[in-house]
Amino acid sequence: MATVLYRLGRASFRHRWLVLIIWVVVLGGLGGAAAAFSGATSSDFTMPGTESQRAIDALKSQFPEASGATGTIVVAAPQGQQLTASKSTVDGLVAEASKLPGVLGALDPFQTGALSQDGRYALITVQFADRADKVTDEQRTAYENSGAAARQAGLTVEHGGEVMNSEPEVGGTEGIGVLIALVVLVVTFGSLVAAGMTMLNALIGVGAGMAGLFALSGVVQLTSTAPVLALMLGLAVGIDYSLFITSRHRQNLVDGLAPDEAAGRAVGTAGSAVVFAGATVVIALAGLFVVNIPFLTVMGLAAAGTVAVAVLVAITLQPALLGFAGRRILPKRLRKTGETSDTVVHHVEGFGFRWARAITRFRVPVLLIGVIGLGALAIPAADMRIALPGASAGPTDSPARKAADLIDEGFGPGFNGRLALVVSTDSADTTKAKAQEALGVLQGTTNLLAATPPNFSRDGKTALLAIIPKTGPTDEATETLVHDVRAKVKQVQGADIALTGQTAVGIDVSEKLSDAMPRYLLLVVGLSVLLLMLVFRSILVPLKAAAGFLLTVGATFGITVLVFQQGHLASLVGLDTPGPLVSFLPILLIGILFGLAMDYEVFLVSRMREDYVHGAGPQEATISGMGHGARVVTAAALIMTSVFAGFILLDDPVIKSMGFALAIGVAIDAFVVRMTIVPAVVSLLGRAAWWLPGWLSKLLPNVDIEGEKLREHLAAAPEPEPAHV
């Protein structure tokens with residue numbers, strides 16, 4: 001692989017104008033396709049095979065007028081007054097809502113009894129024709145702007161419901177992380193040209209990846225968080241991969257190689273690690289399909305596609321840009337022609353060497369402190385709860401959150417987690433009887449506040465009953481109620497009965513993801529052991545890497561639970577309301593951190609193995625590998641952490657938690673696991689770290705990620721003619 005990439009890098013350097021033009025055309029074409037064919041993203045989470053999804057599908061076919069999105073307009077009279085004094089104003093609001101674009105009708109709270117006990121609050125249910133992701137921005141805006149006359153009359157009016165599920169907005173705040181990454185690049189390279197070119201390369205890659213993703217959104221249903229996740233990963237890995245190749249190219253120039261040869265060898269060596277690291281991220285994300293949840297599979301594939309584009313850009317466009325930069329890629333003091341490492345390198349060991357010597361000297365206490373410390377941080381993860389957050393977990397100043405808070409104030413938290421029981425038979429009379437029977441068996445159910453009389457479809461064969469819990473949507477007692485209701489209605493024979501609603505869907509999603517997580521974790525850990533066995537031709541090094549990955553995941557989960565679920569230091573990340581983690585965060589975190597952890601493992605340990613194979617002792621090889629790789633890995637980890645941390649500044653709690661968990665996870669894995677625990681373990685194992693049984697060595701293919709075959713190829717080849725720069 002290293003030899004093929006060497007030729008690709010050298011060719012890209014020599015034909016840099018052609019490569020640049022190709023990528024500009026590709027970027028323009030994808031951008032045009034995105035503008036022409038992009039479709040709307042969705043905040044709906046479909047879950048085939050679950051009871052809640054079965055009920056939703058039944059409503060679409062048998063009760064279509066009740067299958068669209070619903071809105072809830074909350075009306076409140078001034079303190080100490082009742083809405084009966086403003087009945088005409090409320091009636092006017094109901095009439096106004098009924099005539100909104102995309103609305104089938106609105107229910108009068110005085111007729112439905114949707115009034116609080118003190119008469120101060122009322123709920124106007126607005127039924128839309130289409131589901132939430134099909135409601136247009138114009139329809140949603142008209143809905144949100146309704147009620148002006150009621151407000152002028154002194155009433156409080158807030159708009160909520162599933163129709164107000166908003167997509168996370170990506171604005172300028174996350175750009176702070178990119179600016180920090182640029183500063184890190186400037187400090188690392190000591191050259192504005194090198195830093196700017198690396199950042200430009202990453203931005204082109206993420207631009208192409210995102211454009212391609214939106215171009216496909218017209219035919220593939222994307223969840224609203226999928227593009228944000230793709231943007232996070234595309235930026236982070238794009239900058240890191242370009243950094244690794246640029247760093248190796250600069251070292252090759254300082255070592256006296258011709259520019260085109262330096263670029264070729266950089267792509268052949270560092271580029272091999274980039275391809276392997278990128279492949280692990282892609283495989284881990286694409287592997288989410290084993291969970292068998294469509295929206296999660298799409299999220300994984302979207303992010304994997306962006307990472308794959310970042311790899312292609314790094315190994316083709318990056319060497320082309322290096323050709324344009326020439327020796328300006330180096331700091332000013334190293335740009336003089338003919339000045340090489342023999343004349344400029346001062347014989348002073350950097351921090352990486354000093355750190356490695358300290359770690360290997362005190363390896364046992366370092367190992368104990370690291371493992372015990374990360375284990376302690378993982379303890380809160382035992383109490384982790386997952387759910388699909390509703391409006392009550394949103395930013396306090398959002399319309400949906402204001403409506404949810406007003407509902408909570410006037411009716412109780414259970415009205416924000418209303419459930420829907422769907423009863424279907426082949427006969428209208430039978431459906432009516434079975435719906436009444438279902439109401440009867442539910443009487444006395446723990447935590448059940450109310451079960452409303454049924455509404456019937458036009459043919460009378462399908463009934464819809466509202467089930468209202470006493471507790472909020474993400475409360476454990478509500479989850480118990482869902483299971484209790486489902487168990488009780490099984491007593492009703494002769495009807496197809498299913499429980500659904502946003503709360504039930506969220507519970508089903510969370511349970512299915514919880515069941516799939518051990519299976520996916522086993523897949524990822526097994527994959528890491530196999531891939532690293534191929535790379536390092538060792539048994540203990542891959543096992544050590546997998547154990548380190550588990551420590552990273554456990555500590556990351558623990559810290560995220562402390563902040564986002566338990567609320568400790570929540571104000572520091574701008575979190576308004578602590579609560580359960582979003583249900584798909586843990587499994588996504590496992591996949592993403594696995595790929596990123598393998599990045600740093602490869603870049604550090606491959607140099608250790610390279611020196612060991614060339615005759616260095618285990619201790620010396622460990623110190624050399626850390627000494628040469630620490631600076632670049634530190635910069636890469638700071639960059640990736642900064643990019644992820646930039647997303648903490650967004651208001652959306654789901655994106656905020658994803659950015660926080662990824663930033664913390666990368667920092668823990670890079671600085672604690674890979675740069676501290678790993679050298680301690682490798683040094684402690686000694687020669688045993690690189691042991692591989694002979695029979696297994698013959699079975700495993702040699703991927704040559706360190707470029708051993710490339711060196712043999714270069715040694716046998718005639719001296720290449722240098723390219724003009």
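In UniProt numbering, the protein residues as written are 1 to 725.
Glycine included, every Cβ here is placed at the ideal spot set by N, Cα and C.
Whole-number beta carbon distance between residue j and residue i, since they are thought to touch under 8 angstroms
i	j	result
Leu499	Asn447	Incorrect: roughly 14 angstroms between the Cβ atoms, too far for contact.
Ala77	Ser67	Actually they do not touch by this definition, with Cβ atoms about 33 angstroms apart.
Val583	Val509	Contrary to the premise, residue 583 reads as Ser rather than Val in this sequence. About 5 angstroms separates the two Cβ atoms, so the contact holds.
Val422	Leu59	6 angstroms
Ala270	Arg248	4 angstroms
Val281	Leu596	7 angstroms
Met164	Pro399	6 angstroms
Val267	Tyr520	With 8 angstroms as the limit, Val267 and Tyr520 do not qualify as a contact, their Cβ atoms being about 33 angstroms apart.
Ile468	Leu449	5 angstroms
Ala149	Gly209	Contact flag wrong, Cβ pair sits at about 48 angstroms.
Leu367	Leu684	7 angstroms
Spatial distance of residue i from residue j (CA atoms)
i	j	result
Leu699	Lys544	22 angstroms
Gly71	Val307	38 angstroms
Thr503	Thr462	21 angstroms
Thr141	Glu476	34 angstroms
His724	Ser191	Its pLDDT being 48, under 50, His724 is placed unreliably in this model, and the coordinates cannot settle the point.
Pro599	Ala630	Checking the sequence shown, residue 599 turns out to be Asp, not Pro. Cα-Cα distance, rounded: 13 angstroms.
Arg120	Phe411	10 angstroms
residue 779	Asp576	The structure shown does not extend to residue 779, since the chain is modelled only from 1 to 725, so the question has no answer here.
Tyr143	Ser98	10 angstroms
His346	Leu235	Interpretation of His346 is limited by its pLDDT of 42, a score under 50 that renders its predicted location unreliable; no figure is taken from the coordinates.
Val129	Gln139	Per the sequence presented here, residue 129 reads as Ala, with Val not at that position. Their backbone Cα atoms lie some 11 angstroms apart in a straight line.
Gly417	Gly472	6 angstroms
Ile587	Val290	11 angstroms
Ser52	Thr246	51 angstroms
Leu179	Gly113	55 angstroms
Ser341	Val254	Confidence in Ser341 is poor, its pLDDT being 43 and thus under 50, which makes the residue's placement too unreliable to answer from.
Thr125	Gly659	35 angstroms
Phe564	Glu620	43 angstroms
Thr50	Asn292	12 angstroms
Ile386	Val541	33 angstroms
Leu601	Ala277	Before going further, note that residue 601 is Glu rather than Leu in the sequence given. Rounded to whole angstroms, Glu601 to Ala277 spans 9 angstroms at the Cα level.
Tyr612	Ala356	16 angstroms
Ala258	Ile329	13 angstroms
Gly338	Gly256	Confidence at Gly338 is low in this model, with a pLDDT of 49, below 50, so its placement is unreliable and the value that follows should be read with caution. About 7 angstroms.
Pro653	Ala680	38 angstroms
Leu572	Pro578	12 angstroms
Val643	Leu531	27 angstroms
Arg151	Glu158	10 angstroms
Arg401	Ile407	10 angstroms
Ser392	Ala689	51 angstroms
Ala95	Val206	48 angstroms
Gln436	Gln127	24 angstroms
Top-ranked residue by Cα proximity to residue i, from the options
i	options	result
Gly218	Ser624, Ile559, Ala35, Thr280	Ala35
Ser624	Leu604, Gly92, Gly31, Ala635	Leu604
Phe244	Ala226, Val220, Val274, Gly694	Val274
Gly272	Ala95, Val311, Gly558	Looking at the sequence itself, residue 272 is Ser, so the reference to Gly does not match. Ranking Ala95, Val311, Gly558 by Cα distance to Ser272 puts Val311 first.
Asp118	Gln79, Leu593, Asp515	Gln79
Leu123	Lys332, Ala129, Asp137, Leu83	Leu83
Ile73	Gln62, Val90, Glu65, Pro64	Val90
Val666	Gln436, Leu589, Val492, Leu213	Leu589
Asp669	His568, Leu581, Ser657, Thr552	Thr552
Gly494	Val485, Met533, His159, Thr425	Thr425
Leu203	Phe214, Ser38, Leu182	Leu182
Trp695	Ile539, Ala645, Ala689, Ser392	Ile539
heavy atom of the ligand GTP below 7 angstroms from residue i C-beta
i	result
Ala320	As for the ligand GTP, it is missing from this structure, which has no ligand bound.
Determine contact between the stretch 621-639 and the stretch 229-243, defined as no fewer than three beta-carbon pairs at a distance below 8 angstroms. The stretch 621-639 is in contact with the stretch 229-243.
To test your reading of the DSSP string, which unbroken beta strand (DSSP E) runs of 3 or more residues are found completely within the stretch 13-78? Counting only runs of 3 or more, we get 70-76.
Write down every uninterrupted run of the alpha helix (DSSP H) in the stretch 574-641 whose length is 4 residues or greater and which is fully enclosed by it, in chain order. The stretch 574-641 contains these whole alpha helix (DSSP H) runs: 585-613.
If we count Cβ pairs, one from each stretch, closer than 8 angstroms, do we get three or more for the stretch 453-473 versus the stretch 407-424? Inter-segment contact for the stretch 453-473 and the stretch 407-424 is present: three or more beta-carbon pairs are separated by less than 8 angstroms.
Just list the alpha helix (DSSP H) runs in the stretch 189-252, keeping only unbroken ones of 4 residues or longer that don't cross its boundaries, in chain order. Entirely contained in the stretch 189-252, the alpha helix (DSSP H) runs reaching 4 residues are, in chain order, 192-216.
Between the stretch 547-564 and the stretch 374-390, do three or more beta carbon pairs fall short of 8 angstroms? Contact between the stretch 547-564 and the stretch 374-390 is present, because at least three Cβ pairs lie under 8 angstroms.
Meets three-Cβ-pair contact criterion under 8 angstroms: the stretch 310-328 and the stretch 6-21: Yes, the stretch 310-328 is in contact with the stretch 6-21.
Counting beta carbon pairs with one atom in the stretch 658-677 and one in the stretch 511-518, are three or more of them shorter than 8 angstroms? Counting Cβ pairs under 8 angstroms, fewer than three are found: no touch.
Would you mind listing the beta strand (DSSP E) stretches within the stretch 410-491 that are 3+ residues and don't spill past its ends, in chain order? If one requires a minimum length of 3 residues, the beta strand (DSSP E) runs lying completely within the stretch 410-491 are 419-424, 448-451, 462-469, in chain order.
Segments of 4+ residues assigned as alpha helix (DSSP H) that fall wholly inside the stretch 77-138: The qualifying runs are 87-98, 109-112.
Answer yes if the stretch 212-228 comes into contact with the stretch 350-370, meaning at least three C-beta pairs across the two stretches below 8 angstroms, and no otherwise. No: fewer than three Cβ pairs fall under 8 angstroms.
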